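Below is one structure, written out as structure tokens, with a few remarks after it.
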Amino acid sequence: MEYLSNLGAGGSASRPSLFELVAQDQMRDLLQPAVRYVMSVYAQRYPRHLLRLVNKHDEFFAALMLVVELHYLRNWDASFAENFYGLKRSPAGAPRRVRKGASSTQRLSSTQIWSSLLVLVGLPYAKTKLDEAYEQVSGGAGSRIFGDIFAEQNTPPPADEPPSARIRRRGKAAFRMLYPYFNAVFQGAVFAYQIGYMYGKTDYYSPWLHLCGLQTRRMSMKDYADQEDRQRLAKKAASTALQGASQLRIMRHMLAMWLSKGFDYLKHALPMAVFFFKFLEWWYSSDYSNQGSTKPIPPPPDLIPPNPAGLAVPADPTVCPICTSPRTNPTMIPSGYVFCYPCIFKYVDEAGKCPITWADTRTDELRKIYSM
Numbered sequence: 003m004e005y006l007s008n009l010g011a012g013g014s015a016s017r018p019s020l021f022e023l024v025a026q027d028q029m030r031d032l033l034q035p036a037v038r039y040v041m042s043v044y045a046q047r048y049p050r051h052l053l054r055l056v057n058k059h060d061e062f063f064a065a066l067m068l069v070v071e072l073h074y075l076r077n078w079d080a081s082f083a084e085n086f087y088g089l090k091r092s093p094a095g096a097p098r099r100v101r102k103g104a105s106s107t108q109r110l111s112s113t114q115i116w117s118s119l120l121v122l123v124g125l126p127y128a129k130t131k132l133d134e135a136y137e138q139v140s141g142g143a144g145s146r147i148f149g150d151i152f153a154e155q156n157t158p159p160p161a162d163e164p165p166s167a168r169i170r171r172r173g174k175a176a177f178r179m180l181y182p183y184f185n186a187v188f189q190g191a192v193f194a195y196q197i198g199y200m201y202g203k204t205d206y207y208s209p210w211l212h213l214c215g216l217q218t219r220r221m222s223m224k225d226y227a228d229q230e231d232r233q234r235l236a237k238k239a240a241s242t243a244l245q246g247a248s249q250l251r252i253m254r255h256m257l258a259m260w261l262s263k264g265f266d267y268l269k270h271a272l273p274m275a276v277f278f279f280k281f282l283e284w285w286y287s288s289d290y291s292n293q294g295s296t297k298p299i300p301p302p303p304d305l306i307p308p309n310p311a312g313l314a315v316p317a318d319p320t321v322c323p324i325c326t327s328p329r330t331n332p333t334m335i336p337s338g339y340v341f342c343y344p345c346i347f348k349y350v351d352e353a354g355k356c357p358i359t360w361a362d363t364r365t366d367e368l369r370k371i372y373s374m
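Residue 374 is where the sequence shown ends in our numbering, and the numbering goes up by one at each step.
What follows is the structure, encoded as structure tokens:
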């Protein structure tokens, strides 16, 4: 275990191991679903105020992290997750090896702070939007299961298609074809840098840090002491400047101080939210959540009568009502009728209802039957 924890340390006390950097990456990735879960819970209680934020969660989370990351980069020379793990960013020109307990006094410049914000906030937001766009044009889950029959480009264009619609259609087709290669290069570059960092071939954990000219270092005791000195000097300077100041200026200073303290407390609050989110995820996926609430199995509900406008029920119970052929991969829907899996998946994905009763149905409500 000692070997694994020092893998990638390269003999320098200030150089973090690969596992420390991967851990802070994973923590950052877990923040968004945790915040989404908390927002969705409170949106059910206060939909008038929070429903719009939930519907625009990606933009809300990006704005939130922009403020949080800016605070930590300006005060700690580190992102929120890096500061939680005792790491900091330093310019590439800083000494590669420092004496244990020593501090690199070189702070991040304004350009390095904003380039870090672009990588920490802008890049994940853009990648999320690109993934959503590809999911839409590629056909989503249906395309992954059945191929291109669910893709947008599979629909033939109308004969009188306007030029603007033709350009959009061809652009979507090009995006659908090229994005997997872009994503492979994107992920491959990150993986290559991580492997190179693990074996000491590069000082940069990711290509984005390389582009920003920044390296990740461990914070030493001297770094923490320097931070406390800066906070003490800033508080002393503010107290001197506020002597004889107006009430409005004093209130503004107090508000800024409270906000700064609140951001510092986030390093404890947000990890606790992530832990709580993962705990609830585990709880509801286990049998513990059902203990104490087990009730007798209710009797089956009454059969839903077929809709006159729906498909006819075949006389042979082994025949699929959609394709009128013997069923393959029998699949049942909540209305109680059984179909071929490909037939009913495509029908429900497009129409959103049972083909016989016309009762509302979703694709996640389909249940395969392995013996009849």
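Glycine included, each C-beta is placed from N, C-alpha and C at the ideal position. Predicted model, so just to flag it, every value in this text is computed and none were measured.
Use the C-beta contact count for residue i: other C-beta atoms within 10 angstroms, 16 or more gives buried, fewer gives exposed.
i    : result
L6   : Below a pLDDT of 50, predicted positions are generally treated as unreliable, and L6, at 41, falls in that range; no measurement from the model is reported.
V69  : exposed
Q108 : exposed
I358 : buried
A36  : buried
S337 : buried
R50  : exposed
D362 : exposed
Y199 : buried
E71  : buried
M179 : exposed
So, under 8 Å CB-CB, residue i and residue j are touching, yes? Tell me the CB distance rounded to an integer number of Å.
i    : j    : result
L53  : A64  : About 19 Å; that fails the 8 Å criterion.
I335 : C322 : That belief does not hold up - the Cβ atoms of I335 and C322 are roughly 12 Å apart, past 8 Å.
L119 : D79  : L119 to D79, Cβ: 13 Å. No contact.
K269 : F86  : 5 Å
R38  : H59  : 5 Å
Mind checking who residue i pairs with in its DSSP beta bridge?
i    : result
P93  : L216
K370 : T333
V340 : M334
V321 : P328
P362 : It should be pointed out that residue 362 corresponds to Asp in this sequence rather than to Pro. D362 is bridged to K355.
Considering residue i, what are the terminal residues of the beta strand (DSSP E) in which it resides?
i    : result
C345 : Taken as a continuous stretch (DSSP letters only), C345 belongs to no beta strand (DSSP E), being part of the alpha helix (DSSP H) at Y343 to A353.
P332 : P332 to M334
Can you list, in chain order, the residues of its chain whose CB lies under 8 Å from that of residue i, leaving out five sequence neighbours each side?
i    : result
Q114 : R91, P93, C214, G215 and L216
C342 : C322, I324, C325, S327, R329, T330, N331, P332 and T333
T320 : P328 and R329
F177 : A135, Y136 and V139
Enumerate in chain order the residues of its own chain whose CB-to-CB distance from residue i is below 6 Å, with the five nearest sequence positions on each side excluded.
i    : result
E283 : none
L23  : Y207
K370 : T333
M29  : A83
Y226 : none
V276 : L32 and A36
Which residue marks the beginning of the alpha helix (DSSP H) containing residue i, and which one marks its end?
i    : result
R178 : P165 to M200
L120 : Here L120 belongs to no alpha helix (DSSP H), and DSSP marks it neither H nor E.
V56  : P49 to N57
D133 : L125 to S140
A83  : F82 to F86
Can you find the residues in the same chain that come closer than 7 Å, C-beta to C-beta, to residue i, ignoring five residues on each side of it along the sequence?
i    : result
S117 : C214
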